[in-house]
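In this text, residue positions in the sequence shown follow numbering that gives the first Met the number 0: the first is 0, and each later residue adds one.
To keep things clear, I will list the structure first and then write my remarks on it.
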Amino acid sequence: MAVALTMARMKLSILRHSTKGQQGGMMASAGSLGVLLAGGTIVLAFLGGDWLAAAYSVWMLGWIIGPVFSGGGDETLRPEFFSLLGLRPQRMAAGLLVAAFVGVAPAVSLLALAGLVAAGVREGVAGALVAVPAMVLQLAVFVLLSKVSVALMGLALGSRIGAIGAGVVNGVILAFLGQIWVFMAAFGQGGQIPEVVRYLPSGWGLLAVQGEYLALAAMAVLVVLLLLAWAALLTRRAGRSRPSTRGRRPMRAGTPHGAVVAKELRSWTRDLVRNHQLAFAFTYGVAFAAVPLMLGIEEMLPLAAPLFIMMAAAMTANVYGTDGTAHWLTLMTPGASDVRGRQLAWLAAVGPVGLALAVICTAVVDGPWPLVMAATFALLGGAVGLVPLVSVAGLIPGIDPKNRGGNPLRTSEDDGSATGMAYLMLALVALTAAPAVAVAVFFGWWGVPAGLLSGALCWWGFGLLAERRLTARGPELLHLMRTGRAPESGKAAPGTFQLPESMSRTQRMIVLICASFGAIPLVPQGIVAMVFLTNGQLQHSWFLATHVSPGLRWPVAIGFVLLGLGMYGTALWLWLRARKAEKPAGEVTDADKLAAQHH
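What follows is the structure, encoded as C-alpha cells:
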C-alpha cells in the first residue's frame with residue numbers, strides 16, 4: 000500500500016507541475032470537452048432502453064483504442080522507472096494502477112460513471128448504495144483494459160506479423176466505431192439499442208445497480224484477473240525488438256535519390272511502427288467503406304481508397320520527427336536533400352495499394368469511376384507533397400528509433416501535438432482533392448486529368464517548399480530533434496503545431512473542438528451525403544441531407560461542407576493570430592526595417 004500511495008503522490012506532483020503553459024492549456028481544454036461528454040452520458044441515464052449501456056461501451060472502447068492514437072496512453076510513470084527497485088510484478092502493477100487513477104481522463108470517466116448513481120436512484124435505495132462501488136470497479140475495469148491492451152500491443156509490435164495484426168485489429172475497431180450507426184440500424188430492434196450491450200464488461204455496473212448483484216462480483220473478479228495479466232505483461236516489457244535481417248538481399252542504388260529511396264523502402268519493410276501504421280490505414284479505409292454493406296448501402300465502398308490514402312498521410316505526418324537524429328547523415332553531405340527520395344518511397348509504398356483499392360472497390364459497385372479516380376490521383380499527389388512539407392514545417396521531436404522503450408507506440412513525448420498534426424493532415428490532404436472532385440462532379444471524366452494535374456503540382460510544389468526549408472534550416476531541425484528545443488530561444492520550435500500560451504482557455508477549447516469535430520460535418524454529413532445524393536440514395540440513417548425536402552438536399556450538404564471547413568478555418572485562424580501576438584518585443588521584422596528607412 001505504501002508503494003501505491005507513493006506512486007500516486009509522484010503522479011500528482013508531476014501533474015501539478017504540468018498545469019502551466021502549453022501542456023496545462025491542453026489539459027484544461029481536453030478536460031472541459033470531457034466534462035461535456037460526461038454530462039451527455041449522465042443525461043442518457045434518464046432515458047429508456049439501453050442507451051446508457053451503449054454509451055459506456057463507447058467509453059470502454061475509447062479507453063482501449065485511445066492509447067493507440069496517443070502514443071500508448073498516459074505514461075507519466077513508466078515501469079522502467081522502477082526496474083532497479085526490485086519490486087515484484089504484482090506489487091508494481093498495483094502501484095501503477097493506483098497512480099493511473101490520478102489524472103484528467105480517470106476523473107472525467109468517473110464523472111461519466113455517475114450515470115450509474117442516477118440509474119441506481121431510479122431503482123431504489125439498494126440500487127443507489129450499489130452504484131458507488133459499481134462506479135469504482137467499472138472505472139478500474141476501464142483503466143486495466145487500457146493498460147493490458149497497450150501492453151499486448153507492445154508485445155505484438157515486437158514482430159512484423161504482430162505489428163501488422165495489431166494494425167488490422169485497431170483499424171477494424173476504429174472503423175466500426177466511426178460507423179456505429181450501421182450496427183444500430185442492423186441489429187437494433189424498433190430503433191432501440193441491441194440488448195447485448197448490457198452484458199459487455201462495460202455494462203456490468205449498470206446490471207449491478209439494476210439488481211443483478213452477481214455482476215458486481217464479476218467485475219471484482221475481472222479486475223483481479225486483469226491486474227494479474229498486466230503484472231505478467233510488465234515482466235515481458237523489455238525494450239524494442241529488432242526483426243531479423245538474415246537472408247535479405249542488400250538494396251543497391253547508383254544515385255543519391257536512389258539511395259534515399261532504397262533506405263526509405265527498407266524502413267517501410269523493417270520499421271515495425273511503419274508496418275503497423277500502413278496496416279492500420281489500409282484496414283481502416285476498407286472496413287469503414289465496407290461496413291454499410293450490412294444495410295445494403297454500396298455507395299460508400301469506393302471511398303476505401305481515398306480513406307486509406309488520407310489515413311496513411313495522417314499516420315506519417317511527422318516522418319522526420321519519428322526518424323529522429325538520422326537527419327545528420329543528410330546534413331553531413333553537402334548540397335544533399337532527401338525530400339524527393341522520401342516522396343518517391345512514400346508513393347511506392349502507398350500508391351499501388353491505393354490505386355488497386357480504387358479500381359477493385361469501384362468495379363464492385365460499377366462506379367462512379369470519374370469521381371473515384373479523380374479523387375485518388377489528387378489525394379496521392381497531395382499526400383506525397385504534404386507529408387514532407389508538414390513534417391519539416393511543424394516538426395515534433397520524436398524518440399529516436401534506437402531509444403524506443405518497452406512501449407513501441409510511443410514515438411514522441413508530445414502526444415497532443417502529434418495528434419493535432421494528424422488531424423491537420425487529414426484536412427489538408429482532403430482539401431488538395433477538392434478541385435479535382437468538383438471537376439469530376441460537374442464534368443465527369445475531365446476530373447481525372449484534373450486530379451493528375453493537381454496531384455503533380457502538389458507533389459512538385461509542396462516538395463520544393465519542403466526541400467528549401469530542409470536545406471535552409473537543417474541544423475536547427477537537427478538540434479530540435481536532439482533536444483526538443485529551438486536553438487535560438489530555448490522554446491519549442493516556431494513551426495510546431497502547438498497552442499500558443501497567449502491563448503485563453505476559451506480559445507483553446509474552441510480550437511480543440513473545431514479541430515476534433517470538424518470532420519463530422521465535412522466528411523459524413525457533407526461529402527458522403529453528396530455521394531448519396533448524386534446516386535439518388537435517400538433516407539439514409541443520420542445523413543441529414545438525405546432526409547430533407549428535394550429543394551434543400553444540396554444546400555444542406557453544401558452547408559455542412561462549409562461548416563466543416565469553417566471549423567477547421569476557425570481553429571487555424573485562432574492559432575495563427577495567437578502565434579502572431581507572441582512575436583518577441585525586440586524582434587525586428589522586414590516591415591519595421593522599411594518603416595525605419597522611410598522615416
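Just so you know, even glycine gets a beta-carbon here, dropped at the ideal spot from N, CA and C.
Pull up the distance between the alpha-carbon of residue i and that of residue j, whole angstroms please.
i: residue 100; j: residue 49; result: 27 Å
i: residue 518; j: residue 278; result: 22 Å
i: residue 496; j: residue 305; result: Note that residue 496 scores a pLDDT of 48, beneath 50, so its modelled location is shaky; the value from the coordinates is reported in the next line. Roughly 25 Å separates the two Cα atoms.
i: residue 542; j: residue 558; result: 13 Å
i: residue 397; j: residue 321; result: 5 Å
i: residue 188; j: residue 179; result: In this prediction, residue 188 has a pLDDT of 46, which is less than 50 and means its spatial position is unreliable; what the coordinates show is noted afterwards. Distance between the alpha carbons of residue 188 and residue 179: 15 Å.
i: residue 386; j: residue 90; result: 44 Å
i: residue 161; j: residue 78; result: 22 Å
i: residue 300; j: residue 360; result: 6 Å
i: residue 14; j: residue 141; result: 21 Å
i: residue 155; j: residue 526; result: 36 Å
i: residue 357; j: residue 64; result: 27 Å
i: residue 349; j: residue 46; result: 46 Å
i: residue 168; j: residue 59; result: 16 Å
i: residue 103; j: residue 221; result: 24 Å
i: residue 502; j: residue 576; result: 9 Å
i: residue 427; j: residue 513; result: 15 Å
i: residue 336; j: residue 384; result: 15 Å
i: residue 268; j: residue 274; result: 7 Å
i: residue 394; j: residue 481; result: 12 Å
i: residue 165; j: residue 370; result: 32 Å
i: residue 123; j: residue 523; result: 42 Å
i: residue 600; j: residue 176; result: Since the first residue of the chain shown is 0 and the last is 598, residue 600 is not available in this structure.
i: residue 466; j: residue 150; result: 38 Å
i: residue 41; j: residue 32; result: 15 Å
i: residue 351; j: residue 214; result: 50 Å
i: residue 44; j: residue 53; result: 11 Å
i: residue 511; j: residue 199; result: 31 Å
i: residue 560; j: residue 353; result: 24 Å
Can you tell me the Cβ-Cβ gap for residue i and residue j, rounded? I've got them flagged as a contact below 8 Å.
i: residue 450; j: residue 435; result: 4 Å
i: residue 202; j: residue 107; result: Contact doesn't hold; Cβ gap of about 19 Å is too wide.
i: residue 134; j: residue 204; result: 7 Å
i: residue 477; j: residue 330; result: 6 Å
i: residue 469; j: residue 391; result: 5 Å
i: residue 571; j: residue 521; result: Not really, about 14 Å apart at Cβ, beyond 8 Å.
i: residue 373; j: residue 288; result: Contact doesn't hold; Cβ gap of about 17 Å is too wide.
i: residue 196; j: residue 56; result: 5 Å
i: residue 62; j: residue 11; result: Not really, about 21 Å apart at Cβ, beyond 8 Å.
i: residue 534; j: residue 194; result: No, residue 534 and residue 194 are not in contact; Cβ-Cβ is about 34 Å, not under 8 Å.
i: residue 256; j: residue 339; result: 6 Å
i: residue 34; j: residue 110; result: 7 Å
i: residue 112; j: residue 137; result: 6 Å
i: residue 127; j: residue 6; result: About 32 Å; that fails the 8 Å criterion.
i: residue 509; j: residue 423; result: At roughly 16 Å, the Cβ-Cβ gap does not stay under 8 Å, so residue 509 and residue 423 are not in contact.
i: residue 314; j: residue 284; result: That pair is no contact at about 12 Å.
Along the chain, where does the alpha helix (DSSP H) containing residue i start, and where does it finish?
i: residue 175; result: 159-177
i: residue 108; result: 103-111
i: residue 319; result: 318-322
i: residue 478; result: 473-482
i: residue 379; result: 368-392
i: residue 434; result: 433-442
i: residue 325; result: Element bounds for residue 325: n/a, residue is neither H nor E.
i: residue 305; result: 303-314
i: residue 89; result: 88-99
i: residue 200; result: Counting along the chain, residue 200 falls outside any alpha helix (DSSP H), and DSSP gives it neither H nor E.
i: residue 279; result: 271-289
i: residue 545; result: That residue, residue 545, is in no alpha helix (DSSP H); it is neither H nor E in DSSP.
i: residue 45; result: Element bounds for residue 45: n/a, residue is neither H nor E.
i: residue 533; result: 528-533
i: residue 221; result: 213-234
i: residue 298; result: Looking at the DSSP string, residue 298 is not in any alpha helix (DSSP H), and its letter there is neither H nor E.
The ligand NAD heavy atoms versus the CB of residue i: any closer than 6 Å?
i: residue 110; result: Among the ligands in the structure shown, none appear at all, so the ligand NAD cannot be discussed.
Three CB pairs or more closer than 8 Å across the segment 212-231 and the segment 305-314:
Output reads no: the segment 305-314 does not touch the segment 212-231.
Mind the definition here: the segment 543-562 touches the segment 310-324 only if three or more C-beta pairs lie below 8 Å; say whether that holds.
No contact exists between the segment 543-562 and the segment 310-324.
Take every Cβ of the segment 256-266, pair it with every Cβ of the segment 340-355, and state whether three or more of those distances are shorter than 8 Å.
In short, these stretches touch, since the Cβ pair count reaches three.
Does the segment 371-389 touch the segment 453-462, meaning 3 or more C-beta pairs lie closer than 8 Å?
At 8 Å Cβ cutoff, the stretches touch.
Meets three-Cβ-pair contact criterion under 8 Å: the segment 115-127 and the segment 207-224
The segment 115-127, when compared against the segment 207-224, does touch it at the 8 Å Cβ threshold.
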